[in-house]
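Numbering (the numbering used here), first residue to last: 1 to 188.
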């Protein structure tokens with residue numbers, strides 16, 4: 001069987017590559033070269049559709065998908081609309097959701113989750129915010145501060161000054177079935 005030799009320094013030496021693998025890599029490289037310029041030229045809109053935004057007092061919730069809600073708190077009621085490193089485009093189709101106010105609680109229900117926030121209660125805490133959803137047939141309730149023990153970790157923003165092993169940031173995938181991403185301290 002024919003094979004090609006490819007040197008990958010990151011793997012520490014030569015590896016034999018079968019023709020089908022090499023063709024696949026060449027195809028991926030070609031597609032990347034063709035599609036990347038198109039994606040660079042796309043315009044991204046950090047402002048969401050106003051119909052997906054719910055503001056109550058000093059908090060703002062943006063329902064981006066049935067499984068993704070952006071949550072913001074600001075003592076002055078001024079919110080950030082610029083793109084972040086995590087989310088560049090918030091102009092998405094508005095998913096169906098219900099907004100209901102009941103006994104001082106704001107409830108946002110999508111087909112996948114229920115968010116509850118105690119109105120006028122300030123910064124998000126275990127006492128004033130919870131998100132409930134079904135995961136593999138069992139009900140899960142997330143509250144601020146709940147540890148994501150199953151997070152598979154992500155990347156590090158920059159390697160400047162790093163020598164040796166370094167702690168990775170939390171990633172976007174978790175064995176726990178949910179991820180909380182706090183991008184409030186990241187550059188815009």
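Quick reminder that beta carbons are idealized off the backbone N, C-alpha and C, glycines included.
No experiment lies behind these values; they were computed from the predicted model shown.
Less than 7 Å between the beta carbons of residue 52 and residue 65, yes or no?
Contact flag unset, no.
Alpha-carbon to alpha-carbon, residue 162 and residue 68:
Rounded to the nearest whole angstrom, the CA to CA distance from residue 68 to residue 162 is 33 Å.
Assuming residue 142 and residue 127 make a contact with CB atoms under 8 Å, what is their CB distance in whole Å?
The pair is not a contact, with the Cβ atoms about 14 Å apart (cut-off 8 Å).
Close-in-space but distant-in-sequence residues of the same chain around residue 81 (CB under 8 Å, 5 per side omitted)
The beta carbon of residue 81 is closer than 8 Å to those of 46, 47 in its chain, skipping five residues each way along the sequence.
As an exercise, report each continuous beta strand (DSSP E) stretch of at least 3 residues that is fully enclosed by the region 66 to 123, in chain order.
Fully enclosed beta strand (DSSP E) runs of 3 or longer: 68 to 73, 98 to 102, 105 to 109, 113 to 118.
Where residue 170 sits in the DSSP three-state scheme
When secondary structure is reduced to three states using DSSP, residue 170 falls in the coil class, being assigned neither helix nor strand.
Please identify the residue among 102, 101, 175, 91 whose C-alpha is closest to the C-alpha of residue 50.
Ranked by Cα distance from residue 50, the options 102, 101, 175, 91 are led by 91.
Looking at the structure shown, is residue 138 part of a helix, part of a strand, or coil, going by DSSP?
Strand.
Residues of its chain near residue 41, where Cβ-Cβ distance is below 8 Å and the 5 sequence neighbours each way are ignored
Unreliable placement is indicated for residue 41, whose pLDDT of 48 sits below 50; the coordinate value is still reported in the next sentence. For residue 41, same chain residues with a beta-carbon under 8 Å away, outside a window of 5 residues either side, do not exist.
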